[in-house]
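Residue 152 in this note's numbering is what sits at position 56 of the sequence shown, and the numbering runs on without skipping anything.
Heads up, the thing below is written out as structure tokens.
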Amino acid sequence: MKEQIILGIETSCDETAVAVVKNGREILSNVVASQIESHKRFGGVVPEIASRHHVEQITIVLEEALKQAGISYDDIDAIAVTEGPGLVGALLIGVNAAKAISFAHGIPLVGVHHIAGHIYANRLLTELKFPLISLVVSGGHTELVYMEEHGSFKVLGETKDDAAGEAYDKVARTLDLPYPGGPHIDRLAHEGEPTIPLPRAWLEEGSYDFSFSGLKSAVINTMHNAVQRGENINPADLAASFQESVVDVLVTKTVQAAQEYDVKQVLLAGGVAANKGLRTRLEAAFQPLSHIELVIPPLKLCTDNAAMIAAAGSILFEKGKRSDLKMNANPGLELETV
Ligand code: KG4
Ligand code: ZN
Numbered sequence: 097m098k099e100q101i102i103l104g105i106e107t108s109c110d111e112t113a114v115a116v117v118k119n120g121r122e123i124l125s126n127v128v129a130s131q132i133e134s135h136k137r138f139g140g141v142v143p144e145i146a147s148r149h150h151v152e153q154i155t156i157v158l159e160e161a162l163k164q165a166g167i168s169y170d171d172i173d174a175i176a177v178t179e180g181p182g183l184v185g186a187l188l189i190g191v192n193a194a195k196a197i198s199f200a201h202g203i204p205l206v207g208v209h210h211i212a213g214h215i216y217a218n219r220l221l222t223e224l225k226f227p228l229i230s231l232v233v234s235g236g237h238t239e240l241v242y243m244e245e246h247g248s249f250k251v252l253g254e255t256k257d258d259a260a261g262e263a264y265d266k267v268a269r270t271l272d273l274p275y276p277g278g279p280h281i282d283r284l285a286h287e288g289e290p291t292i293p294l295p296r297a298w299l300e301e302g303s304y305d306f307s308f309s310g311l312k313s314a315v316i317n318t319m320h321n322a323v324q325r326g327e328n329i330n331p332a333d334l335a336a337s338f339q340e341s342v343v344d345v346l347v348t349k350t351v352q353a354a355q356e357y358d359v360k361q362v363l364l365a366g367g368v369a370a371n372k373g374l375r376t377r378l379e380a381a382f383q384p385l386s387h388i389e390l391v392i393p394p395l396k397l398c399t400d401n402a403a404m405i406a407a408a409g410s411i412l413f414e415k416g417k418r419s420d421l422k423m424n425a426n427p428g429l430e431l432e433t434v
């Protein structure tokens with residue numbers, strides 16, 4: 097079989113990323129330029145700053161990815177680019193870079209949904225086995241996605257308010273921790289005990305939807321009430337209690353969905369998949385369910401990168417999906433329609 101080389105481009109938020117992936121599974125290069133340092137002092141991503149950084153970085157990152165992979169434009173079969181969702185001004189930089197290369201070198205173009213990318217990060221580790229579900233937990237998304245075959249996505253449930261990563265970042269801000277707060281809360285949680293009672297939003301019986309804003313408010317109120325009463329709250333205990341509430345709901349609903357849909361695999365995806373508490377609890381929950389394979393990507397493939405976009409693009413390309421030069425950044429792109 098002729099080998100397939102996909103160039104992946106990702107600029108939906110605050111990482112400028114370009115990767116080269118062979119046959120949908122083998123990473124030849126995966127270059128990520130993070131802007132976290134520039135956004136830190138604002139406590140979150142500033143869209144205008146993100147766009148400006150992408151403009152400055154995209155050509156450099158692109159050249160580096162081609163160099164590390166040891167290929168030229170002639171070797172590329174298709175360009176996979178994140179079309180949405182994300183920050184429109186940030187997405188536009190990647191989409192326009194992809195269209196320019198496509199036009200200049202006559203290379204086919206494939207638009208990719210960012211969440212499909214997070215899910216397909218798992219295919220860089222192991223072959224996917226269907227049916228499967230993926231727990232997607234990132235700064236912008238919390239979703240349980242069912243897949244019957246390659247390229248088909250059914251959202252079983254999603255967050256009704258804050259995404260899991262967003263709740264982590266907001267709670268971290270209350271605890272005066274730097275942005276992005278997820279890794280800091282995770283670290284702190286391991287130094288404390290979950291002794292502070294906090295709510296868990298299970299929603300209606302059998303629902304796979306999530307809600308984290310009530311929990312986030314409960315953490316903030318607990319902090320403020322303690323300050324008003326002149327009491328000391330151990331931030332590590334608060335972090336541990338918050339993390340336990342989040343992880344409890346995520347793991348319980350994932351196990352329920354895996355059993356109801358009788359899946360062969362469960363894939364973890366998105367930036368919050370880097371969370372050690374979540375990884376440990378998921379591993380423990382699926383250990384007795386030996387007929388279900390739990391796949392957890394390494395940290396580098398959990399957070400935003402372009403190898404995952406190339407991996408998803410590879411399948412879409414094989415399935416015949418082609419985008420044209422009319423493709424635009426689509427911040428509200430739906431997963432189920434790709
Ligand atoms: O997938 P990602 O890199 O970007 C989006 O598409 O949103 O996810 C970033 C999110 C941030 O909210 C960050 O705080 C969270 O992932 N995150 C974590 C951890 N590492 C990153 N959340 C909890 N625990 C972690 N260890
Ligand atoms: Zn992401």
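Think of the CB as a built atom: it goes at the ideal place given N, C-alpha and C, for glycine as much as any other residue.
Computed from a predicted model, the values in this text were never measured in an experiment.
Looking at the DSSP output, K118 shares a beta bridge with I101, E122. Here the segment 111 to 122 lies against the segment 398 to 416, with 3 or more beta-carbon pairs under 8 Å apart. Relative to the ligand KG4, the beta carbon of V128 is positioned no closer than 7 Å to any heavy atom. Distances between the C-beta of H209 and the heavy atoms of the ligand KG4 are all 7 Å or more.
For H237, the CB contacts under 7 Å within the same chain, skipping 5 residues up- and downstream, are I211, A259, G366 in chain order. Looking at the DSSP output, L228 bridges to M243, Q361.
Taken atom to atom, the span from the alpha-carbon of A161 to that of V127 is near 6 Å.
With a minimum length of 4 residues, the unbroken runs of alpha helix (DSSP H) contained wholly in the segment 337 to 411 fall at 372 to 382, 395 to 398. Only residues of its own chain outside the window of five on either side were considered, and among them D282 have a CB closer than 6 Å to the CB of N371, listed in chain order. Here the segment 266 to 276 lies against the segment 329 to 339, with 3 or more beta-carbon pairs under 8 Å apart. Between L346 and V233, the C-beta spacing is below 8 Å.
Taking C-beta separations shorter than 7 Å and ignoring five residues to either side along the sequence, the partners of I316 in its chain run T270, following chain order. Residue nearest to A186 within the set L363, N426, V351 is N426 (criterion: CA-CA distance). When C-beta atoms of the segment 165 to 184 are compared with those of the segment 205 to 222, three or more pairs fall below 8 Å, so the two segments count as touching.
Closest option to A403, judged by alpha-carbon separation, among V368, G166, L220, E300: L220.
Counting along the chain, L162 sits inside the alpha helix (DSSP H) bounded by residues 143 to 165.
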